[in-house]
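**Student:** Sequence order for the protein chains is Z and U. All residue numbers in the first sequence are consecutive under the working numbering, ending with 135. All residue numbers in the second sequence are consecutive under the working numbering, ending with 112. Take this structure first; my questions come after.
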Amino acid sequence: MPKSNNWNVSYSAILFFEDLLNSNKKVLSFERTDDIFFKIMRKSGLSSVNALLINVYTVGLADVFRAKREFPDLDCIVTSSIWNGYTIEAKEHALDSEIGLFVVSEFSSALRERVPYLYVKRDRDGNPIYHFKSA
Amino acid sequence: MEIQSITSNLPDGAEIYVFGSALWRKHPNDVDVLVVYDPKLCPPENAHSSIAESIRSLADALGRHIHLTLLTQQEERGCGFKLDTGCVPLEEALAANPALQRTHDKVARAVH
Numbered sequence: 001m002p003k004s005n006n007w008n009v010s011y012s013a014i015l016f017f018e019d020l021l022n023s024n025k026k027v028l029s030f031e032r033t034d035d036i037f038f039k040i041m042r043k044s045g046l047s048s049v050n051a052l053l054i055n056v057y058t059v060g061l062a063d064v065f066r067a068k069r070e071f072p073d074l075d076c077i078v079t080s081s082i083w084n085g086y087t088i089e090a091k092e093h094a095l096d097s098e099i100g101l102f103v104v105s106e107f108s109s110a111l112r113e114r115v116p117y118l119y120v121k122r123d124r125d126g127n128p129i130y131h132f133k134s135a
Numbered sequence: 001m002e003i004q005s006i007t008s009n010l011p012d013g014a015e016i017y018v019f020g021s022a023l024w025r026k027h028p029n030d031v032d033v034l035v036v037y038d039p040k041l042c043p044p045e046n047a048h049s050s051i052a053e054s055i056r057s058l059a060d061a062l063g064r065h066i067h068l069t070l071l072t073q074q075e076e077r078g079c080g081f082k083l084d085t086g087c088v089p090l091e092e093a094l095a096a097n098p099a100l101q102r103t104h105d106k107v108a109r110a111v112h
């Protein structure tokens, strides 16, 4: 098992992500290929989800284009550290491409949705909460 | 490999910065690098491939893995990345951290 890959994801981050999938009640099983690409089968008639785990402090437009090129079957991009985030431009471009761009905690909730890429975390008043932030 | 030749191989309008522990640690595991580019001169869909060679050369020159953040000028302004992280231009970072500078000098001597 390589310690890392060309998206800077450490093995410990991969293990953490696998633990998260194993503990998610909507996840039936998953397969990992290319070190960081997960095909996730879900319960309750929900569709499978192809997720790419990356480690980028602030995911930008260029990262979304690169991810789409390297993994054409992509449904969601997940940036691994709790400190990570994404730019508004990257989030909007991902949505236009019908791809979810999430931090790990968002993705965990998105897996419960029928259409995961559309998931938006909301506060008590229903306002959307995004992880638009830098390192 | 001279750092200057690495930066000059970046797309027009692109700037390269260092942030994080490489600015002060003697032996950082990797070097956190920000590249800010002009999407009019370097389309975002090509940005990674346009800077890949420069980033590989920088990693070779420093002898360390590069952890890259790649943002358009507008994205950088929008999230205030430089301000939040205290980014400094690459050449200033090399001057500020003697450990990185030693690596840089050693590589330069080996090449010339």
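From the three backbone atoms N, C-alpha and C, an ideal C-beta is built for every residue, glycine too.
1) Mind pulling the beta strand (DSSP E) runs of 3 or more residues that sit fully within the segment 65 to 89 of chain U?
2) Applying a beta-carbon distance threshold of less than 7 Å, which residues of chain Z neighbour glutamate 75/U?
3) Note down, one range per segment and in chain order, each alpha helix (DSSP H) of at least 4 residues found wholly within the segment 54 to 88 of chain Z.
4) Terminal residues of the continuous alpha helix (DSSP H) containing phenylalanine 16/Z?
5) So, is the C-beta of arginine 66/Z closer than 7 Å to a C-beta in chain U?
6) For glutamate 45/U, which residues in chain Z fall below 7 Å Cβ to Cβ?
7) Taking a Cβ distance cut-off of 9 Å, strictly less, list which residues of the segment 75 to 89 of chain U are near chain Z, in chain order.
8) Let me check understanding here. Comparing Cα to Cα, which of Tyr86/Z, Val9/Z, Ala67/Z lies closest to leucine 129/Z?
9) Would you tell me roughly how many angstroms separate the C-alpha atoms of histidine 67/U and methionine 41/Z, rounded to the nearest one?
10) Report the neighbours of asparagine 8/Z on chain U: residues whose CB is nearer than 7 Å to its CB, in chain order.
11) On the DSSP bridge assignment, give the partners of asparagine 97/U in chain order.
12) Counting only beta-carbon atoms, is histidine 27/U nearer than 7 Å to chain Z?
13) Considering only C-alpha positions, which residue in the set Asp34/Z, Phe16/Z, Leu15/Z, Asn22/Z is nearest to tryptophan 7/Z?
14) Assuming isoleucine 3/U and glutamate 92/U form a contact by the criterion Cβ under 8 Å, report the distance between their Cβ atoms to the nearest whole angstrom.
15) Please compile the residues from chain U whose C-beta is within a distance smaller than 7 Å of the C-beta of valine 56/Z.
16) Relative to the alpha-carbon of leucine 83/U, which residue among Gly63/U, His48/U, Leu34/U has its alpha-carbon at the smallest distance?
**Tutor:** Once the coordinates are examined:
1) Segments of the beta strand (DSSP E) lying fully in the segment 65 to 89 of chain U: 65 to 72.
2) For the purposes of this step, residue 75/U is taken as the residue at position 75 of the second sequence. Neighbours of glutamate 75/U on chain Z, chain order: Gly60, Leu61, Thr87, Glu89.
3) If we require 4 residues or more, the alpha helix (DSSP H) runs fully inside the segment 54 to 88 of chain Z come out as 61 to 70.
4) Along the first sequence, one-based indexing puts residue 16/Z at 16. For phenylalanine 16/Z, the uninterrupted alpha helix (DSSP H) segment begins and ends at 11 to 23.
5) Here residue 66/Z corresponds to residue number 66 of the first sequence, with the count starting at 1. It does: the Cβ of arginine 66/Z has a partner Cβ on chain U nearer than 7 Å.
6) Sequence index remark: in the second sequence, residue 45/U carries index 45 (1-based). By Cβ distance, chain Z contributes Phe65.
7) When CB distances to chain Z are screened at a threshold of 9 Å, the residues of the segment 75 to 89 of chain U falling below it are Glu75, Glu76, Gly78, Cys79, Gly80, Phe81, Lys82, Leu83, Asp84, Thr85, in chain order.
8) Within the first sequence, numbered from 1, the residue matching residue 129/Z stands at position 129. Position check: residue 129/Z holds isoleucine in this sequence, whereas leucine was assumed. Nearest in C-alpha terms to isoleucine 129/Z, of all of Tyr86/Z, Val9/Z, Ala67/Z, is Tyr86/Z.
9) Within the second sequence, numbered from 1, the residue matching residue 67/U stands at position 67. Within the first sequence, numbered from 1, the residue matching residue 41/Z stands at position 41. Going from the Cα of histidine 67/U to the Cα of methionine 41/Z covers about 31 Å.
10) The residue you call residue 8/Z lines up with position 8 of the first sequence. Chain U residues near asparagine 8/Z: His67.
11) Here residue 97/U corresponds to residue number 97 of the second sequence, with the count starting at 1. As computed with DSSP, asparagine 97/U is found in no beta bridge at all.
12) Numbered from its first residue, the second sequence carries residue 27/U at position 27. No, histidine 27/U does not count as interfacial toward chain Z.
13) Numbered from 1 along the first sequence, position 7 holds the residue referred to as residue 7/Z. Comparing Cα positions, the closest option is Asp34/Z.
14) Within the second sequence, the letter at position 3 stands for residue 3/U. Within the second sequence, the letter at position 92 stands for residue 92/U. Contact check for isoleucine 3/U and glutamate 92/U: beta-carbon distance about 11 Å, past the 8 Å limit, so the pair fails to qualify.
15) Along the first sequence, read from residue 1 onward, the residue named residue 56/Z stands at position 56. Per Cβ cutoff of 7 Å: Thr69.
16) Taking the first residue of the second sequence as position 1, residue 83/U is located at position 83. Nearest option by C-alpha distance: Leu34/U.
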